[in-house]
Structure formats: C-alpha cells, structure tokens
Amino acid sequence: FSQVRFDREKVLRMKPQDERQANIIKDLAQTNELDFWYPDAVHHVTANMTVDFRVSEKEAQSILATLDQNKMHYEILIHDLQEEIEKQFDIKEE
Amino acid sequence: SPGRHSYAKYNNWDKIVAWTEKMMNKRPEIVSRIKIGATAEDNPLYILKIGGKDESKKAIFMDCGIHAREWVSPAFCQWFVYQATKTYGRNKIMTKLLDRMNFYVLPVFNVDGYIWTWTKNRMWRKNRSKNQNSKCIGTDLNRNFNVSWNAFPETKNPCSPLYRGPAPESEKETKAVTDFIRRNLKSIKAYITVHSYSQMLLFPYGYTPEMPPTYKDLNKVAKIGTDVLSTRYETRYIYGPIASTIYPTSGSSLDWAYDLGIKHTFAFELRDKGRFGFLLPESRLKSTCKETMLAVKFIAKYILRHAS
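Protein chains in written order, with this note's numbering: chain A, 2 to 95; chain B, -11 to 296.
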C-alpha cells in the first residue's frame, strides 16, 4: 500500500474571525507546508470561512503555538492521519 | 486476478477496470464500454454508456474522480452503474430513464492520480503529468478546462496544488473528455461532476460572481435535488453557484460545460463535513451513495421532462 506515511500528522479546523486572522493563516502557509483540504488553496482563505488543513508532525507544534499566541480558536479534526487512513478500510472482505 | 470488486469497499484501479468489463459482459443490452483516450501514463480512460444503442436519445454525462484523493467519488460512479443496471426492468423510474436516455459514466477521470493515491501517496490531488522546467509533477485537471483559464495568477506555479497546466486542455485526460463531450454535444443535456467533501450541490458560475442566464432553473433543480437527497438519512447539503457557495474558481469543468451549451451542469461535493474529510470510512459508503443516487435520479427525471 501507499509508501508515504502520515504518522501523527494532523488536520486542523479553524474559522478566522477577521482579516488579521486570515492573514495569520496565509503567513503560516508561507513558512510551513500546509495541505489545504478546504478551501483547496490558501488564496481562497477569507474571514469567517471554515478552513481545514493538514500539517506535518514536525510543524504542528509551532503552528499550534502561533494560533494560541494569536488567540485563534481551532479544532483538531484528525490527530493522527495515518491512523485515519487505515481506519478507512473498516469493512472486512466478504 | 485483481481481486474481488465490492460496492461496499474502495476499489483500486485494477479492480475498477475488471469491473467495467464485467458490467459490459453482464448486461450487454444496456451497457457498453467506450475508450475515449489514454492518460499521461498510458492508462485507458473508459466511459460506461448505460441505456442502449440509440445515439439520438437525450444523455447525461457524469464524471467521478477528477481529484485523485477524493475516493468516495469513483465509489459513487460505480454504485450508480450498479444500481442502474440492477433496477432496470424492475424499478419503474429507472426503466423509464434508461429507455429514454443514455448515461455516459466516467468512473475515474484522473486515473494516474488515483493509482498514485493507492500506491504512493494517499493525499495526492493532481494528475501525474510532467511539467516542463519544473521538478513538480501534476496538473489540477479541474483547472485545466478552457474557461477563464487565464484568470487566477495563483494557479500558474507548477508546484501549486491548483496548477492549471501550460495551456487549456493541455492534459490528455481533459482533452479526451472535452473531445468526447463536444462530439456528443447534441445529445448531452446535463453534465454532473462528483467530488468530495463538504456536502454541497453546486452550479455555475465559479469564474465570476455573476449569475448564469438560467440561474432560476438551476437553483430550483439544486434545491429540490438537495431536499430529495436529505430524505433518506437527513444529510444536509447546501446549494448555489460555485463562486459564492464554495469559492471562486477558474478553468473548472462545470463552467466549461455550461458555456459550451449544456444548460444543466452540477457538481456534487459529497460527504462529509470534515470529520473524515477525504478519508470517509467504507462503512459510510453505501449510505452516501444511496442518498446521492436519489438526487442524481431526480436531476435525470427533470432533464427528461424539461430539457430540450
């Protein structure tokens, strides 16, 4: 199966409350490898839009710290992406 | 042998190919397989034509799997073919639909990308074509259509997940689909493209905030479509034009098909709302497909009655 692994990678959800918060996400995307799930790219991010993106284990800590520092509310939708990938196949062969 | 195909599970490309052949052999009177081209990596692009030999009937074109990691989408196209063939002759509505119209179903649009998600990287989105003067691979096929293709500067970078390609229809997959639709434009009355996730039913436009000329009609169909979809499991979808309902896009297949003259074009963003995102568990596949089937059947009935 898939060679690339996603151990402990996270998917975060947040809703930037204003332009300043939207810009913080855009800044984070310049310095980190964010994989946008919704919307599909950082340039679509605007205030009051729900934003989902994937972050690597390595970058997660500093990204969460930045969000905390800026008092940005977020939710961790997926804590360990690799686990979730494996859990997709939850129907046993008939 | 590619192993056993299952509608309750995700199927890899080899299983899907074998399944297309099986469907064709099982119901030759209503199913035929058309090879419309090949991908960048020389995999075949197959369409299943459901509904008999008459080319002059109204038709609906439906594609799945334009974005590689959206696995629920190809699963729905397989489900649709299965249900259509299984219920033809038994279910009054499906029998009427298939007697009077054809469905062209492309179960996997982005074949190379789909294979890549199974073998190398589950999170891959684009196709797998090589880009000149760049180490980055792949084009977002849903930015490669010839409609407002040049509008968004963010899609010019080959390393962007939204890279639009070096020219409109530069990708073999896009070209094969657009050529097929243009060849059958007289009969194709509706275009449906299936994506995930976020539970939406979208219609043009994405490239402009302006409303399409047939806005009222599209809005009505989308409203009833989402209402019908929710009747089975109370799954709530929102609906509306792409630009204001999701976000502005350029080069999308939906806008292209609409501007080409297909006046009923819709995009489904299937389940879920983000709990699983692109990783919807197989245990939720059947319910997702069943409710979506209701909406697609409604659209087909509407086309049969109203499209000229």
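A virtual CB, placed ideally from N, CA and C, is assigned to each residue, including glycine.
Cutoff 8 Å; reference P297 of chain B; Cβ partners in own chain excluding five residues on either side: Chain B is shown only over -11 to 296; residue 297 of chain B falls outside these bounds and no answer can be derived.
CB of L38 of chain A within 7 Å of CB of D53 of chain A, strictly: Taking the first residue of the first sequence as position 1, residue 38 of chain A is located at position 37. Taking the first residue of the first sequence as position 1, residue 53 of chain A is located at position 52. Correcting the residue identity first, residue 38 of chain A is Trp in this sequence and not Leu. In this structure, D53 of chain A lies closer than 7 Å to W38 of chain A by Cβ.
Proximity test, Cβ basis, 7 Å: G265 of chain B and chain A: Residue 265 of chain B sits at position 277 when you count from the first residue of the second sequence. With respect to chain A, the C-beta atom of G265 of chain B has a partner C-beta closer than 7 Å.
Chain A contact residues for L150 of chain B, given Cβ-Cβ distances below 8 Å: Indexing the second sequence from 1 puts residue 150 of chain B at position 162. Chain order gives the chain A residues near L150 of chain B as D41, A42, where near means a beta carbon separation below 8 Å.
Beta-carbon gap between A48 of chain A and A23 of chain A smaller than 7 Å: Walking along the first sequence from the start, residue 48 of chain A turns up at place 47. Walking along the first sequence from the start, residue 23 of chain A turns up at place 22. Contact flag set, yes.
The region 257 to 268 of chain B / the region 71 to 80 of chain A touching (three or more Cβ pairs under 8 Å): Between the region 257 to 268 of chain B and the region 71 to 80 of chain A, the count of Cβ pairs shorter than 8 Å is three or higher; the stretches touch.
Residue burial classification, K80 of chain B (beta-carbon count within 10 angstroms, cutoff 16): Within the second sequence, numbered from 1, the residue matching residue 80 of chain B stands at position 92. The residue is exposed, with fewer than 16 neighbouring Cβ atoms inside 10 Å.
Interfacial residues, the region 65 to 76 of chain A to chain B, with Cβ spacing under 8 Å: The region 65 to 76 of chain A vs chain B, Cβ under 8 Å: nothing.
Contact set between F90 of chain A and chain B, taken where Cβ atoms lie within less than 7 Å: What you label residue 90 of chain A is simply residue 89 of the first sequence in a count that begins at 1. Near F90 of chain A (Cβ distances below 7 Å), the residues of chain B are E270.
Test: A231 of chain B CB closer than 7 Å to a CB of chain E: Considering every chain present, this structure includes no chain E. Its protein chains are A and B.
Neighbouring residues, chain A, relative to E58 of chain B (Cβ below 9 Å): Counting from one through the second sequence, the residue named residue 58 of chain B turns up at place 70. Per Cβ cutoff of 9 Å: no residues; E58 of chain B is ~10 Å from chain A at best.
Top-ranked residue by Cα proximity to Y75 of chain A, from A:Q83, A:L65, A:F7: Along the first sequence, one-based indexing puts residue 75 of chain A at 74. Measuring from the Cα of Y75 of chain A, the nearest candidate turns out to be A:L65.
Sheet register partners of H294 of chain B (DSSP bridge): The residue given as residue 294 of chain B occupies position 306 in the second sequence. As far as DSSP is concerned, H294 of chain B takes part in no beta bridge.
Where the beta strand (DSSP E) through F37 of chain A begins and ends: The residue labelled residue 37 of chain A in the question sits at position 36 within the first sequence. Counting along the chain, the beta strand (DSSP E) containing F37 of chain A begins and ends at 36 to 39.
Proximal residues, the region 2 to 31 of chain B versus chain A, C-beta separation under 8 Å: So the list is empty, because no residue satisfies the distance condition.
Three-state secondary structure (DSSP) of C52 of chain B: For the purposes of this step, residue 52 of chain B is taken as the residue at position 64 of the second sequence. It is a strand residue.
Per-residue burial, G297 of chain B [other beta carbons within 10 Å of its own, 16 or more giving buried]: Lying outside -11 to 296, the shown extent of chain B, residue 297 of chain B is not represented and no answer is given.
Own chain residues within Cβ distance below 7 Å of E161 of chain B, not counting five before or after: Start at 1 with the first residue of the second sequence, and residue 161 of chain B comes out as number 173. Contacts found: T27, L33, F97, N98, N115, L129.
Reference Y290 of chain B; option with closest CA among B:S240, B:M89, B:T237: Sequence index remark: in the second sequence, residue 290 of chain B carries index 302 (1-based). Considering only alpha carbons, the answer is B:M89.
Host alpha helix (DSSP H) of Y221 of chain B (start-end): Against the second sequence, residue 221 of chain B aligns to sequence position 233. Where Y221 of chain B is concerned, the enclosing alpha helix (DSSP H) stretches over 203 to 221.
The ligand NAD heavy atom lying under 6 Å from the CB of S44 of chain B: As for the ligand NAD, it is missing from this structure, which has no ligand bound.
DSSP state of D260 of chain B mapped onto helix, strand, coil: As a position in the second sequence, residue 260 of chain B is number 272, starting the count at 1. Residue state, collapsed to three classes: coil.
Presumed contact (8 Å Cβ cut-off) between E270 of chain B and F90 of chain A, rounded CB distance: Indexing the second sequence from 1 puts residue 270 of chain B at position 282. Indexing the first sequence from 1 puts residue 90 of chain A at position 89. Confirmed, Cβ separation roughly 6 Å.
The region 169 to 180 of chain B in contact with the region 121 to 139 of chain B per 3-pair CB rule at 8 Å: No: fewer than three Cβ pairs fall under 8 Å.
Inter-stretch contact at 8 Å, needing at least 3 Cβ pairs: the region 205 to 219 of chain B / the region 55 to 72 of chain A: Proximity of the region 205 to 219 of chain B to the region 55 to 72 of chain A falls short of the contact definition, fewer than three beta-carbon pairs being nearer than 8 Å.
Contact list for the region 2 to 29 of chain A against chain B, Cβ threshold 8 Å: Answer in chain order: F2, S3, Q4, V5, F7, V12, R14.
Interface residues of chain B facing E60 of chain A [CB-CB closer than 9 Å]: Position 59 of the first sequence, counted from the first residue, corresponds to residue 60 of chain A. Identification of chain B residues near E60 of chain A by a Cβ-Cβ cut-off of 9 Å yields none; the smallest Cβ-Cβ distance measures about 15 Å.
3 or more residues per run - each beta strand (DSSP E) lying fully within the region 79 to 157 of chain B: Those beta strand (DSSP E) runs which fall completely within the region 79 to 157 of chain B and span 3+ residues are 89 to 94.
Cut-off 6 Å between Cβ atoms - residues of its own chain near L85 of chain B, not counting five sequence neighbours on either side: Residue mapping note: residue 85 of chain B aligns to position 97 of the second sequence, counting from 1. Take L85 of chain B, set aside five residues on each side of it, and the residues of its chain with a beta-carbon closer than 6 Å to its own are A288, in chain order.
Any chain A beta carbon closer than 7 Å to Y235 of chain B: Your numbering for residue 235 of chain B matches position 247 in the second sequence. Yes, contact with chain A.
Touching by the beta-carbon criterion (3+ pairs, under 8 Å), the region 50 to 68 of chain B and the region -10 to 2 of chain B: The region 50 to 68 of chain B vs the region -10 to 2 of chain B: in contact.
Any C-beta of chain B under 7 Å from that of H80 of chain A: Your numbering for residue 80 of chain A matches position 79 in the first sequence. Not closer than 7 Å to any Cβ of chain B, the Cβ of H80 of chain A fails to qualify, so no.
Alpha-carbon to alpha-carbon, E157 of chain B and K163 of chain B: Residue mapping note: residue 163 of chain B aligns to position 175 of the second sequence, counting from 1. Residue mapping note: residue 157 of chain B aligns to position 169 of the second sequence, counting from 1. Approximately 5 Å between the Cα atoms of the pair.
Straight-line Cα distance separating P(-10) of chain B from D2 of chain B: On the second sequence, position 14 is the one that residue 2 of chain B refers to. On the second sequence, position 2 is the one that residue -10 of chain B refers to. If you take the alpha carbons of D2 of chain B and P(-10) of chain B, they lie about 6 Å apart.
Exposed unless 16 or more other CB atoms sit within 10 angstroms - verdict on Q62 of chain A: Here residue 62 of chain A corresponds to residue number 61 of the first sequence, with the count starting at 1. With fewer than 16 other Cβ atoms within 10 Å, it is exposed.
Within chain B, the residues that E85 of chain A reaches when beta carbons sit closer than 8 Å: In the first sequence, residue 85 of chain A corresponds to position 84, counting from 1. In chain order: F264, L267.
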